[in-house]
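Residue numbers (my numbering), protein chains in the order written: chain A, 1 to 347; chain B, 348 to 609.
Where is the CB? At the ideal position from N, CA and C, for every residue including glycine.
For clarity, every value in this text was computed on a predicted model and none was experimentally measured.
To keep things clear, I will list the structure first and then write my remarks on it.
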Amino acid sequence: MTSSTVATAVDGGLRPIRLRLALTLVGYGTLALLACVLAPLVGSTSISLSRVFDRSIPFADNVDAQIFFLARLPRVLAGATVGAMLASAGVVLQALLRNPLATPFTLGVSSGAALGAVLAITGGATAGLGPLSPVPLSSLAVACLVSAIIYALASRPGRPMSTNVLLLAGVTLNAFISALILLVQYFADFAETYRMLRWLMGDLDVGGFLPIVTVLPLFVVACVLFATLPSSLNLLSVGTETATTRGVSVARTQRLAFVSTALATSAAVTVAGPIGFVGIVVPHLVRLMTGVDHRIVLPASALFGAAFLVGCDLVARTVLAPVELPVGVVTAIIGGPFFLWLLVRRA
Amino acid sequence: MVLHLQHVSFEYVAENGFSIRDVSLTVERGSLTGLLGPNGCGKTTLLKLMAGVLRPGQGTITFAGGVLDDIPRRALARHIAVVPQETHPAFDYRVIEMVLMGRHPHLGPFALEGPGDLAIAHDALRATGTAHLASRSYMSLSGGEKQRVVIASALAQQPDVLLLDEPTASLDLAYQLEVAALLARLNHERGVTIVVATHDLNLAASICRTLVLVRGGRVLAQGATETVLNGDTIRQLYDVDADVRFHDRSGHLTVVPIGRIP
């Protein structure tokens, strides 16, 4: 190998992957960190950072510290984790299904979570499990059940999953579960219906750190699984047979991709309700900036997704202050036109 | 002997009856073998069986003395590469990224390609005459350019065996000749064992030293090109009357189809 050969290869294509990955982690990591640091300082009520960390004032008397630590910081952390999970799940599903328009909600897992939530609300469930209160518990349980059903439908013994069945089963279950949700709403009273609607709009006002800590193990497992996938996703997105002949265990990669996205989506929806469009807007924006290599796109989307949702929530909290909008409305207002633009661009 | 199929049969469960029936054939090391046969005769299925993408229902396939199914997927990909008839990525990768994917079996689970891998990828691009396309988006290329890039990606695997499924099917005459010359060069200069499934009898006659004729999932004939390729075998294979003659200027057999036999 000559130095000119390497130089031509680098010049003719892209910077070496190691450099690109390092730049991605530093650049998008800084963006996510800045969003998480700055967002708690901004809101409908002005707070003083020096007062927040002033230990001479008892916490019970320090309104600024209470706003910062009890209201805004958990909300920002919830936004960052949910944004990272939904964006990552979007990237993985788009490669798994070889469909750039797939979202974490395509498989019906979020609809399952929504059904679980509305059932818990209308049923007046009071029994939780450990730190999980009834609504998130029911939401998580039904999301897992729906994931298991779709997995069973698409699995074929000893062979790769059928991505067509995966996609069609997801779309069908989405429609079916949406009908069930309407049925439950039809029999609910006004107060329950209001609670359901608010939950279905997606909201990051989690009211403390406990909801995030509770689903943290699911996020961690999903992240570990995500980390094993990127180079295989590159090949999977080229085609399952190409992936096979390049040394990818397709069936195993598909299983890991499905399980990781199901876990990430279930946990994210359990924490914040179904916040739409993050899983499609973020991966495509990142691809426009970084190219399409999943070894770059996946970590970049996770970090950018965190910053994006924290930013959207900041808009939701401040644009009509003191009234707060559900963050799902903000992401939908941004994401809807973006999705249409994407469809037209692809056509 | 590199690849050896012994009494191999295969059936697609979900489809109606199409199968490979009791096929035995040997691909010698350093050979350039053509798989010929009409549409649906099982050429692509045979290639998939040789690549380990499909598992035989009956019989065994061995590679370099070991049973193909027992060789781990990543290890097998370091020895056998496949060029499909068409490649449609879901995302718009650059050419250099497509070629570097060929390095996947040589990298560890979390490893990223280094300068050595880049040099191999660039070498593969040069070998296929596509080095000037390295920074282009794959989707913006012409059919011929795409096919050569996919061949470059397969070469980046540094395989001992290259399996190609109708590599000239969508190419114009100039690109057909270019791909044919490339395969002959890879076989001659780099010692890559090549199996190519094709409908192009003249391409097969020009570069393949060995032919395997397949019809209805069975091997009709196999052997040296000069022995196997004649009017009788073409009639049996395609129900077509054809003249097969040695062409002085090209230096190989040529096939001129005359007409379909009723």
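Beta bridge pairing from DSSP links R565 of chain B with B:R562.
Here A321 of chain A is exposed. Its C-beta has fewer than 16 other C-beta atoms within 10 Å.
In terms of beta-carbon proximity, D293 of chain A lines the interface with chain B, with at least one pair separated by less than 8 angstroms. For a cut-off of 8 angstroms, the C-beta gap from L350 of chain B to V374 of chain B is around 4 angstroms, short enough to register as a contact.
For P100 of chain A, a Cβ of chain B is located within less than 8 angstroms of the residue's own Cβ. With contact defined as three or more Cβ pairs closer than 8 angstroms, the stretch 451-460 of chain B and the stretch 306-320 of chain A are not in contact. The beta carbon of V250 of chain A lies closer than 8 angstroms to those of P160, L236, T240, A243, T244 in the same chain, with the five residues before and after it left out.
With a cut-off of 8 angstroms on Cβ pairs, the stretch 195-215 of chain A is in contact with the stretch 321-337 of chain A, counting three or more such pairs. With a contact defined as Cβ atoms closer than 8 angstroms, G247 of chain A and H451 of chain B qualify at about 5 angstroms. Taking 8 angstroms as the threshold, the shortest C-beta distance from A257 of chain A to chain B does not fall below it. In this structure, G404 of chain B sits away from E444 of chain B, with a CB-CB distance that is not shorter than 8 angstroms. Here F410 of chain B is bridged, per DSSP, to B:L350, B:G413.
Straight-line measurement puts the Cα of T557 of chain B at about 6 angstroms from the Cα of L379 of chain B.
In this structure, F438 of chain B places its C-beta atom within 8 angstroms of the C-beta atom of P100 of chain A. The beta carbons of L229 of chain A and V92 of chain A sit closer together than 8 angstroms. Listed in chain order, the alpha helix (DSSP H) runs fully inside the stretch 135-209 of chain A are 163-186, 190-201, counting runs of at least 4 residues. CA-to-CA, the gap between L97 of chain A and G170 of chain A works out to about 11 angstroms.
Taking 8 angstroms as the upper bound on Cβ-Cβ separation, chain B lies near residues L235, S237, V238, G239, E241, T242, T244, T245, R246, G247, V248, S249 of the stretch 235-255 of chain A.
Q94, A95, R98, N99, P100: these are the residues of the stretch 89-118 of chain A whose beta carbon lies less than 8 angstroms from some beta carbon of chain B, given in chain order. In summary, the residues of the stretch 17-49 of chain A whose CB is separated from some CB of chain B by less than 9 angstroms are I17, R18, L21, in the order they occur in the chain. Neighbours of Q432 of chain B in chain A, taken as residues at a C-beta separation under 9 angstroms, are lacking, since the least C-beta distance is about 11 angstroms. Checking the DSSP bridge columns, you'll see Q523 of chain B has no partner listed. Our two residues, S356 of chain B and L511 of chain B, have alpha carbons roughly 21 angstroms apart in a direct line.
Considering only A:L115, A:I296, A:V184, A:T30, the residue with the shortest C-alpha distance to P274 of chain A is A:L115. In the structure shown, Q405 of chain B adopts extended strand secondary structure according to DSSP, grouped into three states. Closer than 8 angstroms to the CB of T228 of chain A there is at least one CB belonging to chain B. Straight across, the Cα-Cα distance linking R255 of chain A with R473 of chain B is about 37 angstroms. Listed along chain A are S237, V238, G239, each with a C-beta nearer than 8 angstroms to that of P436 of chain B. In this chain, the beta strand (DSSP E) harbouring T373 of chain B covers 366-374.
Closest in C-alpha terms to R582 of chain B, from the list B:P604, B:A571, B:G564, B:L509, comes B:P604. The Cβ atoms of A143 of chain A and S260 of chain A do not sit closer than 8 angstroms to each other.
F59 of chain A counts as exposed, since fewer than 16 other beta carbons sit within 10 angstroms of its beta carbon. According to DSSP, F357 of chain B shares a beta bridge with B:I367. Looking at B:I408, B:G598, B:T434, B:R565, the one whose alpha-carbon comes closest to that of R368 of chain B is B:R565. For a cut-off of 8 angstroms, the C-beta gap from D586 of chain B to R607 of chain B is around 6 angstroms, short enough to register as a contact. For S231 of chain A, a Cβ of chain B is located within less than 8 angstroms of the residue's own Cβ.
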